[in-house]
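A short write-up of the structure that comes next.
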Amino acid sequence: MKFKILLVVICLLLINPLSALTSKSIVKDKEQEVVIPILMYHHFVEETVVETGVSEIISAELFENQLNYLKQKGFNTISISQLRDYLFHDEKLPDNPLVITIDDGYESNYTIAYPILKKNNIPANINIVVSSRGKKPGNYQHFSWEQAKDMLDSGLIEIGSHTYNLHNEDIKLKETDDTDEYYKRVYDDFQLSRKLMVQNLEKEPFIFCFPYGSYNEFSQSAALSLGFDIQLSVDYGVVTKNSDPLALERINVRGDQSPEDVYNNIMNAINAVKM
């Protein structure tokens, strides 16, 4: 079985060399190289955030101020489809491209973030824990399939998988894991997430977002074999032409960051590439 899995991985690499699982190189010393920051958000609230100890909670006002400030600084927000076309097909991007992603699929993504994005005509990607649609598995309600479809049909929002029900420690490959059992566990979960997304959204998903940013060659190849050829990590950095599409870097945005803080964080990541 292990030999068969290894053979599948090798075949995938031969079919799509852009998906080299270990490729994370960045070409440096190119002042004109296109760099694409991908911002990562989670949960939103209407009121100004007080000190909660939860850095992923961002107020509506701060979210909009961050987006407007980055626009004033010359950033042009693009969709992940545009990023994908650039990485795979050399399609042209606007100057200073920027991608907005939102993880988990909380209802606040629909009730708070989506109206702001729609008002400002800003595309974004939302990655959903598929088993949580319309439910409240933890502290926060998740949006429904109907709400997801409403956002998707707007043309501004792209929906990605954040697993079916592996937003937990089970996605992490431990030393005690048997490789065959691990591969089957993640493959079956990813496959079910894709099946339900197609049924409910009537569109083939291609974006996969790893919970906790935990990935390895087996989870990457499982997702890729199901058609998820854009995969998001939580590794800090920006995307370039030579980035690994199966482990795209992102920049987390916290609720205690001013618009200037977010901008400076982006510029630090960009400057690190151009050093």
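In terms of this note's numbering, the sequence shown opens at residue 186 and continues consecutively.
Note that CB positions come from ideal geometry on N, CA and C, so glycine has one too.
Just so you know, these numbers come straight off a predicted model, no measurement behind them.
With distances taken between CA atoms, residue 315 lies nearest to 327 out of 308, 327, 241. Collapsing the DSSP output to three states places residue 367 in a helix. Counting only residues of its own chain and dropping the five nearest sequence neighbours on each side, residue 374 has a CB closer than 6 Å to the CB of 348, 349, 351. Per DSSP, the continuous alpha helix (DSSP H) segment holding residue 302 begins and ends at 299 to 304. As the crow flies, the alpha-carbon of residue 335 is around 29 Å from that of residue 424.
Taking every protein chain shown into account, the CB of residue 288 has 16 or more other CB atoms within 10 angstroms, so this residue is buried. Residue pairing by DSSP places residue 435 opposite 421 in a beta bridge. Shown here for residue 305: same chain residues with a beta carbon closer than 7 Å to its own, the five before and five after excluded, namely 252 in chain order. Using a C-beta cut-off of 8 Å, the segment 250 to 268 makes no contact with the segment 381 to 389, since fewer than three inter-stretch Cβ pairs fall below that distance.
Taking the Cα positions, residue 332 is about 23 Å away from residue 415. For residue 441, the closest C-alpha among the options 244, 281, 231, 262 is that of 244.
If you compare the alpha carbons of 435, 437, 242, 225 with that of residue 231, the shortest gap goes to 242. Straight through space, the alpha carbons of residue 283 and residue 225 are spaced by roughly 11 Å.
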